[in-house]
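Enquirer: Just so we're aligned, residue 4 is where the sequence shown starts under the working numbering, counting upward by one.
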Amino acid sequence: MTTSLDRKPLCLRTLSLRGAAEMAGTGLPIPQTGVLAQSPGVIDGDRFSAAGSWLQMARAGERLAAIGADMHEREAQLRKAGALADQENAIRAKATELGAKFRDDPVGFQAAWKGYSDGVLGSAPRDLVYTAKRALGSFGDAEFGRALNHRFSLDRASTAETIDVTIASSTADLSALGMRGELGSEAGKQGFAKLRAVLDSAVSGGLMTREKADYRYNAALGDAQAEATLFVAQKAYAAHRAEGGDALGAALEVVDRDIINNPDIPLSAAERRAYASKIKSELSAEEAARRQDLALARQAAREAQNAMVGGVRVAPDTIDSLTDQLRAAGDQAGAARLNAAALRADRLRDFGRLPIGEQAAALQETLGSAAVQTATVFLRESDLGLTPEQVAGIIGNLVHESRLNTRARNRNDGRDGSDSIGIAQWNGDRARALVAYANRTGGNASDLRTQLGFVVEELKTNEAGALAALRSSKTVEEATAAFAGYERPQGWSAANPRGAHGWENRLKQAQAVAGAPDLPLARGMQDELGKSVDR
4 MTTSLDRKPL CLRTLSLRGA AEMAGTGLPI PQTGVLAQSP GVIDGDRFSA
54 AGSWLQMARA GERLAAIGAD MHEREAQLRK AGALADQENA IRAKATELGA
104 KFRDDPVGFQ AAWKGYSDGV LGSAPRDLVY TAKRALGSFG DAEFGRALNH
154 RFSLDRASTA ETIDVTIASS TADLSALGMR GELGSEAGKQ GFAKLRAVLD
204 SAVSGGLMTR EKADYRYNAA LGDAQAEATL FVAQKAYAAH RAEGGDALGA
254 ALEVVDRDII NNPDIPLSAA ERRAYASKIK SELSAEEAAR RQDLALARQA
304 AREAQNAMVG GVRVAPDTID SLTDQLRAAG DQAGAARLNA AALRADRLRD
354 FGRLPIGEQA AALQETLGSA AVQTATVFLR ESDLGLTPEQ VAGIIGNLVH
404 ESRLNTRARN RNDGRDGSDS IGIAQWNGDR ARALVAYANR TGGNASDLRT
454 QLGFVVEELK TNEAGALAAL RSSKTVEEAT AAFAGYERPQ GWSAANPRGA
504 HGWENRLKQA QAVAGAPDLP LARGMQDELG KSVDR
């Protein structure tokens with residue numbers, strides 16, 4: 004009896020040989036047991052079932068399938084990672100755009116962000132919805148918080164400004180009453196009660212500390228009391244002069260009695276001396292002009308400067324009179340010192356009356372000219388070999404960034420969420436490098452010369468590209484554009500540096516620096532007038 008295999012021996016043998024030939028060179032295992040190549044009649048079940056060739060072929064196929072699936076999965080992962088990055092960048096950019104548009108309108112931002120978020124989530128692939136929600140929440144919350152804080156600051160500043168205007172008005176009214184000798188009248192009592200009520204409301208509203216409120220009250224009281232004392236002293240002066248007596252001596256006795264030795268006014272010893280100096284300078288200036296007495300005029304000028312250093316305002320007419328007297332006597336330096344002191348006092352006199360949020364900026368603006376001069380001299384004398392135009396370009400950018408305020412801080416301004424600090428508004432790694440530079444050089448990170456030194460160091464190292472562009476500049480405008488590459492603000496690009504945020508103001512400030520008086524002369528005048536640029 005023959006089997007079906009016995010009837011087709013050639014076909015089986017042919018299949019075996021053809022299969023081996025076709026598998027050669029494919030990398031797949033070639034059958035070695037020769038099951039299909041057995042002679043007819045010699046096949047048995049044990050040999051057929053024990054053959055390993057077909058198992059090897061099956062396993063190889065499985066491995067190839069697994070490799071293909073893994074490659075497909077990796078390709079999908081790469082595509083998803085790219086999509087995630089694109090998605091996050093787009094959401095971040097939109098958050099920045101809407102944050103700028105609705106900077107002081109948190110409600111408007113919230114509405115716009117919701118509309119944008121709905122659109123993003125509606126069109127996002129299913130596998131990217133979760134990450135989209137997370138990015139929308141993160142970037143949206145951050146910008147909404149900034150808008151909310153800015154709105155709160157504006158509202159708070161508006162309320163503070165109203166209170167400050169009321170305080171200034173009350174103080175002026177009290178001083179006017181003092182000038183007329185009516186400080187003890189019912190109007191004077193009402194004026195002090197009104198001032199105290201306004202200050203108490205500022206304290207309860209969190210707009211002013213109790214210490215600041217007490218200071219403002221005592222300052223108003225001191226101003227008013229000084230005017231009242233001057234009124235009495237002038238009357239004594241006129242009476243004694245009419246009698247041919249020591250008019251100035253009589254007037255100064257009133258000052259000692261009502262200011263220096265008066266226990267009823269809540270002023271410190273330094274404040275008493277400052278107010279006394281104010282009255283003495285105004286009385287002595289009048290007497291010096293009458294006598295044509297240069298020594299007395301100089302003494303009056305010293306009293307005026309003492310008063311202004313103590314924060315007490317001296318009448319402009321007194322300053323003008325003393326300046327004219329000193330110049331007429333050939334004392335140009337004395338006149339210059341007095342005028343410089345008066346200028347500084349005028350700028351600082353109303354500092355405490357500004358809205359709280361503006362005080363730091365106002366103080367920096369007052370001191371800004373000295374800081375600009377310091378920076379100009381420092382950069383000109385550095386080893387960078389810069390021209391005056393190039394120095395002006397640097398300082399114009401720095402003034403725009405911070406007004407050369409070494410303690411300027413813009414919270415969460417960095418791309419990494421860090422604060423931007425100092426004259427160049429460094430953040431992230433550069434801010435940390437500033438502190439490391441200060442420690443290494445033994446300086447203070449808040450010192451102007453230390454920060455300028457760090458600018459020079461960066462230009463010679465990590466920012467060498469900006470230095471190269473700066474050195475190739477010929478005009479103030481070119482230098483301003485070149486140093487914008489050191490700052491790299493929003494809108495800046497190497498191809499279009501004039502697209503930098505605040506470009507017009509950067510250039511304006513640089514042109515102002517370039518057009519300033521010769522700095523060595525200015526610095527000499529500072530020394531002569533006893534001014535310090537290291538504030």
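Heads up, the beta-carbon is just placed ideally off N, CA and C, and yes, glycines get one too. The model shown is predicted, which means the values in this text are computed figures rather than measured ones.
Of the choices 397, 412, 476, whose alpha-carbon is the least far from that of residue 491?
Expert: Cα-wise, what sits closest to residue 491 is 397.
Enquirer: Write down the C-beta distance between residue 91 and residue 112 rounded to the nearest angstrom, noting that I regard them as a contact closer than 8 Å.
Expert: Rounded, the Cβ-Cβ distance is 19 Å, inconsistent with contact.
Enquirer: Given that a residue counts as buried once 16 or more other Cβ atoms are within 10 Å of its Cβ, and exposed if not, what is residue 400?
Expert: That one is buried.
Enquirer: Is it true that the CB of residue 223 sits closer than 8 Å to the CB of residue 174?
Expert: Taking 8 Å as the Cβ cut-off, residue 174 and residue 223 qualify as a contacting pair.
Enquirer: By alpha-carbon positions, which one of 321, 320, 348, 283 ends up nearest to residue 312?
Expert: For the residues 321, 320, 348, 283, the minimum Cα distance to residue 312 belongs to 348.
Enquirer: Quick check: residue 251 and residue 286, are their CB atoms within less than 8 Å of each other?
Expert: Yes, they are a contact pair.
Enquirer: Please state whether DSSP places residue 415 in a helix, a strand or coil.
Expert: The answer is coil: DSSP assigns residue 415 none of H, G, I, E or B.
Enquirer: Please name the residue, chosen from 229, 293, 323, 302, that lies closest to residue 277 on a Cα-to-Cα basis.
Expert: Nearest C-alpha to residue 277: 229.
Enquirer: Buried or exposed: where does residue 523 fall if 16 or more other Cβ atoms within 10 Å of its Cβ makes it buried?
Expert: With a pLDDT of only 36 at residue 523, under 50, the local geometry of the prediction cannot be trusted, and the value read off the model is given with reservation. The residue is exposed, with fewer than 16 neighbouring Cβ atoms inside 10 Å.
Enquirer: Which stretch, first to last residue, makes up the alpha helix (DSSP H) that contains residue 506?
Expert: Its alpha helix (DSSP H) spans residues 506 to 517.
Enquirer: Within 10 Å of its beta-carbon, does residue 281 have 16 or more other beta-carbons around it, so buried, or fewer, so exposed?
Expert: Per the 10 Å Cβ criterion, buried.
Enquirer: So is residue 183 buried or exposed if we call it buried at 16+ other beta carbons inside 10 Å?
Expert: With fewer than 16 other Cβ atoms within 10 Å, it is exposed.
Enquirer: Do residue 306 and residue 271 come within 8 Å of each other at the CB atom, strictly closer than that value?
Expert: Cβ distance not < 8 Å, so residue 271 and residue 306 don't count as in contact.
Enquirer: Under the three-state reduction of DSSP, which class applies to residue 166: helix, strand or coil?
Expert: It is helical.
Enquirer: May I ask which residues mark the beginning and end of the alpha helix (DSSP H) holding residue 319?
Expert: Note, residue 319: alpha helix (DSSP H), 319 to 331.
Enquirer: For residue 429, write down the residues that DSSP places opposite it in a beta bridge.
Expert: Note: residue 429 sits in a beta bridge opposite 424.
Enquirer: Residue range of the alpha helix (DSSP H) that residue 457 falls in?
Expert: Element bounds for residue 457: 451 to 463.
Enquirer: Roughly how many angstroms separate the alpha carbons of residue 528 and residue 373, rounded to a whole number?
Expert: With a pLDDT of 34 at residue 528, under the threshold of 50, the predicted position of this residue should be treated as unreliable, and no value is reported.
Enquirer: What does a CB cutoff of less than 7 Å around residue 448 pick up in its chain, not counting 5 residues either side in sequence?
Expert: Cβ neighbours of residue 448 beyond the five flanking positions: 437, 438, 441.
Enquirer: Let me know if residue 500 comes out buried or exposed under the rule of 16 or more other beta-carbons within 10 Å of its beta-carbon.
Expert: Per the 10 Å Cβ criterion, buried.
Enquirer: Report yes if the C-beta distance between residue 261 and residue 235 is below 8 Å; otherwise report no.
Expert: Yes, they are a contact pair.
Enquirer: Whose C-alpha, out of 428, 407, 134, 409, is nearest the C-alpha of residue 415?
Expert: Comparing Cα-Cα distances from residue 415 to each of 428, 407, 134, 409, the minimum goes to 428.
Enquirer: Here's a check: name, in chain order, each residue in its chain whose Cβ is nearer than 8 Å to the Cβ of residue 444, leaving out the five neighbours to either side.
Expert: Same-chain partners within the cutoff: 453, 456.
Enquirer: Is it the case that the Cβ atoms of residue 240 and residue 253 are separated by a distance below 8 Å?
Expert: Contact flag set, yes.
Enquirer: I'd like the span of the alpha helix (DSSP H) that includes residue 217, first residue to last.
Expert: Element bounds for residue 217: 213 to 245.
Enquirer: Which residues in the same chain have their Cβ closer than 7 Å to the Cβ of residue 613, if we skip the five residues on either side of it in sequence?
Expert: Outside the displayed range of the chain (4 to 538) lies residue 613, so it cannot be described from this structure.
Enquirer: Look up residue 266 in the DSSP assignment and say whether it is helix, strand or coil.
Expert: Coil, per DSSP.
Enquirer: Along the alpha helix (DSSP H) that carries residue 309, what are the first and last residues, could you check?
Expert: Segment 297 to 312, the alpha helix (DSSP H) holding residue 309.
Enquirer: Using the Cβ count rule (16 or more neighbours within 10 Å means buried), how would you classify residue 178?
Expert: With 16 or more Cβ atoms within 10 Å of its Cβ, residue 178 is classed as buried.
Enquirer: Can the beta-carbon of residue 553 be found closer than 8 Å to that of residue 408?
Expert: Limits of the chain in this structure are 4 at one end and 538 at the other, which puts residue 553 out of reach.
Enquirer: Can you tell me whether residue 401 is helix, strand or coil according to DSSP?
Expert: In this structure, residue 401 counts as helix in the three-state DSSP scheme.
Enquirer: Could you tell me the alpha carbon to alpha carbon distance between residue 507 and residue 518, rounded to whole angstroms?
Expert: Answer to the nearest angstrom: the Cα atoms are 16 Å apart.
Enquirer: Can you give the beta carbon distance from residue 402 to residue 375, rounded, assuming they're within the 8 Å contact cut?
Expert: Yes, they are in contact, since the Cβ atoms of residue 402 and residue 375 sit about 7 Å apart, within 8 Å.
Enquirer: From which residue to which residue does the alpha helix (DSSP H) around residue 105 run?
Expert: Where residue 105 is concerned, there is no enclosing alpha helix (DSSP H), given that its DSSP letter is neither H nor E.
Enquirer: Just tell me which of 476, 345, 487, 386 has its CA closest to the CA of residue 466.
Expert: Taking only the C-alpha atoms, the option nearest residue 466 is 487.
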